[in-house]
Structures are given as structure tokens and as C-alpha cells.
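Numbering of the sequence shown is given in the working numbering, commencing with residue 1265 and proceeding in unit increments. Yeah, the Cβ is synthetic: ideal placement off N, Cα and C, and Gly gets one too. These notes concern the structure reproduced below.
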Amino acid sequence: MKTTQFHVQLDRTTKVGEFKESMGLDCNGPYFYDHEVDDLSAEGIESGATLSQGRPSAHRESDTLFIAGKAYGKNTSSWENAPPSVDDARPEWHPISMLRDAVRECEAMKKGGGLGYVAYNLILGEGHIKYLGGQRINGHRCSEFQVSFDSQVLKGVKVCLGSDDLPYRVIGEDYTAIYDYAPVERIQVPVLPTNPDSP
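What follows is the structure, given as C-alpha cells:
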């Protein structure tokens, strides 16, 4: 793979809402940052309501950070007017268990197996690839391909690859992801609040 870093902006629209994700990965560290914004539709709010938590928040944001070998997170509440016993809001950075392995993703990039939302090994191993034509994405020329699969589980995608074989746009069934390869701007290691009860 001809890069050790990337940034991708994903926009997904479904009947339950609009979901935006901005993700940056820099393998010279490694470093990973992800910011997600969820805006639920009326149907999404009603279908997500429960007796114990009530109605889900129409707007929710969450951040995940991996830096200096440690993972951190913060998020607004998943619930509208949730009682303290079920409110999951954590507005300040705090240690978390990393659900996404930045080191593993960097290894996949190094081996050419995948990059973000593009699984090269899967596309080349199982995909049927059809050339669609040239495109220009954010000033970059790329060649767009339609990829389909025999499996009912795997969804077809359109991938626009530059002359460097890097993706600049991926279009899925309900999402569009735009890539760029400028240096990733790093957030500093969070300063965690001290616990006055700790010895």
C-alpha cells in the first residue's frame, strides 16, 4: 500500500436517520481518531424507544481516540431526558476498551489487504469488477469500478481508484465515503480529570 495514513468522511442515510463519520488513521504511531454524528428521523426515534430508557436522542455525537498505545472515548447521551441510572452520557475523555484495532488496520494496509471501507483482498478474491469510467474527486483523477459479489451477504460497491491504486470514493448501498491522504492532524493525549477520592 502506497500510504501509511488516510482520512475518510462517510455519510450514510437510511429510513431511521442520517449518520456521519469522520475517521483518521496514521500508522506512524499508530494513531486513530473517529468522530460520529447520528441524527435520527422520526421513525428512528419511535422505533428505538424503550420502557426503561424512554426515547433515544434525536442527535448524538461520539468520539474515539487511540494514541500513545491507549484508547479514549467521549459521547453525548443516547437517550432523551434519561434518568441518571440509565444515562450513558460521558462528555469528558475517559479510558475505554478499543473496539477497533488500529494496529491491525495498519498491518492490513501494509500487506495491501484493506484500507478503511475497502477490502482489497475480498474484492480481488471474490468480486466481479466492471470498469465504469473516469471521475474527478476533490481534484484527484480516479477510475471508477462496479464491484459485485455472488454471495447474498456481501453488498456491491462502486470504488474509484487513483493511479496510485488508492480509493478516493466508495459508494455503497446507503453510504458514500470520500478519502484524502493529507497528513492526519493529531489530537493531543487527553488530560483525564483527577479523582479526588483516589489515594
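Unbroken beta strand (DSSP E) runs of length 3 or more, entirely within the segment 1381-1460: which are they?
Counting whole runs of 3 or more residues, the segment 1381-1460 contains the beta strand (DSSP E) stretches 1391-1401, 1404-1413, 1421-1425, 1431-1435, 1439-1444.
Applying the 10 Å Cβ sphere with the 16-neighbour rule, what's the burial state of S1311?
As a first step, residue 1311 is located in the sequence shown; it is residue number 47 there, counting from the start. Flag for S1311 reads exposed.
Determine which residues share a DSSP beta bridge with T1314 and list them.
The residue labelled residue 1314 in the question sits at position 50 within the sequence shown. Beta-bridge pairing links T1314 to G1318.
Any contact between the segment 1300-1311 and the segment 1275-1283? By contact I mean 3 or more CB pairs, one from each, below 8 Å.
Contact between the segment 1300-1311 and the segment 1275-1283 is present, because at least three Cβ pairs lie under 8 Å.
V1411 to E1437, Cα distance in whole Å?
Indexing the sequence shown from 1 puts residue 1411 at position 147. Indexing the sequence shown from 1 puts residue 1437 at position 173. Each residue's alpha carbon lies about 12 Å from the other.
Whose C-beta lies closer than 8 Å to the C-beta of D1352 among residues of the same chain, with five residues either side of it excluded?
Position 88 of the sequence shown holds residue 1352. Result list for D1352: N1339, S1341, S1342, W1343, A1346, in chain order.
Can you name the start and end residues of the beta strand (DSSP E) that A1332 belongs to?
For the purposes of this step, residue 1332 is taken as the residue at position 68 of the sequence shown. Run containing A1332: none; DSSP gives neither H nor E here.
Could you name the residues that DSSP lists as bridge partners for W1343?
Here residue 1343 is taken as the residue at index 79 of the sequence shown, counted from 1. Bridge partners of W1343: P1320.
Tell me whether I1393 is buried or exposed, calling it buried when 16 or more other Cβ atoms sit within 10 Å of its Cβ.
Indexing the sequence shown from 1 puts residue 1393 at position 129. It is exposed - the Cβ of I1393 has fewer than 16 other Cβ atoms within 10 Å.
Does DSSP put G1308 in a helix, in a strand, or in coil?
If you number the sequence shown from 1, residue 1308 lands on position 44. Note: G1308 maps to helix in three-state DSSP.
Can you look up R1364 in the DSSP assignment and give me helix, strand or coil?
Against the sequence shown, residue 1364 aligns to sequence position 100. R1364 falls in the coil class under three-state DSSP.
Please return the same chain residues whose Cβ sits closer than 8 Å to the Cβ of S1361, not counting the five positions on each side in sequence.
The count along the sequence shown starts at 1 and reaches residue 1361 at position 97. Closer than 8 Å at the Cβ level, and outside the excluded window around S1361, lie A1335.
Tell me whether the beta-carbon of W1357 lies closer than 8 Å to the beta-carbon of L1456.
Indexing the sequence shown from 1 puts residue 1357 at position 93. Indexing the sequence shown from 1 puts residue 1456 at position 192. In contact: W1357 and L1456 (Cβ atoms closer than 8 Å).
Helix, strand or coil for K1375 per DSSP?
Residue mapping note: residue 1375 aligns to position 111 of the sequence shown, counting from 1. Of the three classes helix, strand and coil, the one that applies to K1375 here is helix, per DSSP.
Between the alpha carbons of Q1399 and F1330, how many angstroms are there, rounded?
By one-based count along the sequence shown, residue 1399 stands at place 135. By one-based count along the sequence shown, residue 1330 stands at place 66. Taking the straight line joining both Cα atoms gives about 34 Å.
At what residues does the beta strand (DSSP E) containing V1272 begin and finish?
Translated into the one-based positions of the sequence shown, residue 1272 becomes position 8. 1269-1278 is the extent of the beta strand (DSSP E) around V1272.
Taking the continuous beta strand (DSSP E) assigned at G1288, which residues delimit it?
Along the sequence shown, one-based indexing puts residue 1288 at 24. That run of the beta strand (DSSP E) goes 1281-1290.
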